[in-house]
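Heads up, the sequence shown is in the numbering used here, so the first residue is 1412 and it goes up one at a time.
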Amino acid sequence: MFYPFEMEQYLETLLGERDPLLKEMEEQALKETIPVVTPTVGNFLNLLVHMGNAKAILEIGTAIGYSTIWLARAAEKTGGHVTTIDMNKDRRARALKYFERAGLQDCVTALGGDARKILPTLDSMFDFVFIDAAKGEYLEYLHLIYPLISPGGVLVVDNVLFRGWVVPGSIFVEKYDRMVNGLRQFLEDLCQNPDFTTTVLPFGDGVSVSRRLNAM
Ligand SMILES: C[S@@+](CC[C@H](N)C(=O)[O-])C[C@H]1O[C@@H](n2cnc3c(N)ncnc32)[C@H](O)[C@@H]1O
């Protein structure tokens, strides 16, 4: 998070209390430093799925299923389904238990494996895609995802401003050079793609929202 921590805290208070299951997951993630979306981003995903009446939803990066639950709760209302991918076996197993506890097991299919291998095997289109996996691989996911997004479909990507370091002129530790440059390339590619309209929102860790144009 790169803007004043107080602002994110304030925005969180506006959301009100999360239910005990989401709270438990937030606490687990914090304890084990599993990087899950902020509650404000979770709520935003839920809102977007509802607003777009999205049905076929794809997530890259399940972790323990926190953002998946925000997505799946909206999918339950739209009559949709979430397909989520993660290569970490242990996290996927924990996510499956959380989906059961949330009563969302029928709304979610959790695929295990490297998204870069799985995406080319998917033969259906998605009207809502959320990317939140390895930041160094975003550009690769993007090129694999482009053909899977339906006309009018939405693509949301988390961490695109990466602690604000993606903003030119920022000062950060040298070891993050590749990641920051990769994210800049990613944003350029996405924002310059004529098939999409994109905006970048400076909350959470930076969230991009793109819509595929209807005519292709
Ligand atoms: C930031 S966490 C996801 C957090 C989750 N979206 C949430 O907010 O609750 C990123 C996850 O992506 C997974 N991941 C990283 N690279 C991946 C890849 N190439 N294919 C599939 N999963 C990947 C990691 O195992 C990790 O659990």
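A virtual CB, placed ideally from N, CA and C, is assigned to each residue, including glycine.
Close Cβ partners of residue i (< 7 angstroms) along its chain, the five nearest in sequence each way excluded
i     : result
L1441 : none
L1553 : F1597, D1600 and L1601
Three-state secondary structure assigned by DSSP to residue i
i     : result
S1621 : strand
V1567 : strand
F1539 : strand
D1525 : coil
I1468 : strand
Residues of its chain near residue i, where Cβ-Cβ distance is below 6 angstroms and the 5 sequence neighbours each way are ignored
i     : result
A1467 : F1537 and D1538
E1487 : C1518
Residues that residue i bridges to, as DSSP identifies them
i     : result
F1607 : R1623
V1493 : I1468 and V1519
I1560 : F1537
heavy atom of ligand 1 below 7 angstroms from residue i C-beta
i     : result
E1548 : yes
I1471 : yes
N1454 : no
M1498 : yes
Y1477 : yes
Neighbourhood of residue i by C-beta distance below 8 angstroms, restricted to the same chain and skipping five residues each side
i     : result
K1434 : E1428
M1590 : K1546, G1547 and F1573
D1460 : For the record, residue 1460 in the displayed sequence is Val; it is not Asp. If we look at V1460 and ignore the five residues flanking it on each side, its Cβ neighbours are I1468, L1482, A1485, A1486, T1489, G1491 and F1539.
Cutoff 8 angstroms: residue i Cβ touching any chain C Cβ
i     : result
P1579 : This model lacks chain C altogether; it includes just one protein chain.
Check whether the segment 1413 to 1431 touches the segment 1455 to 1470, taking contact to mean three or more Cβ pairs, one atom from each stretch, closer than 8 angstroms. no
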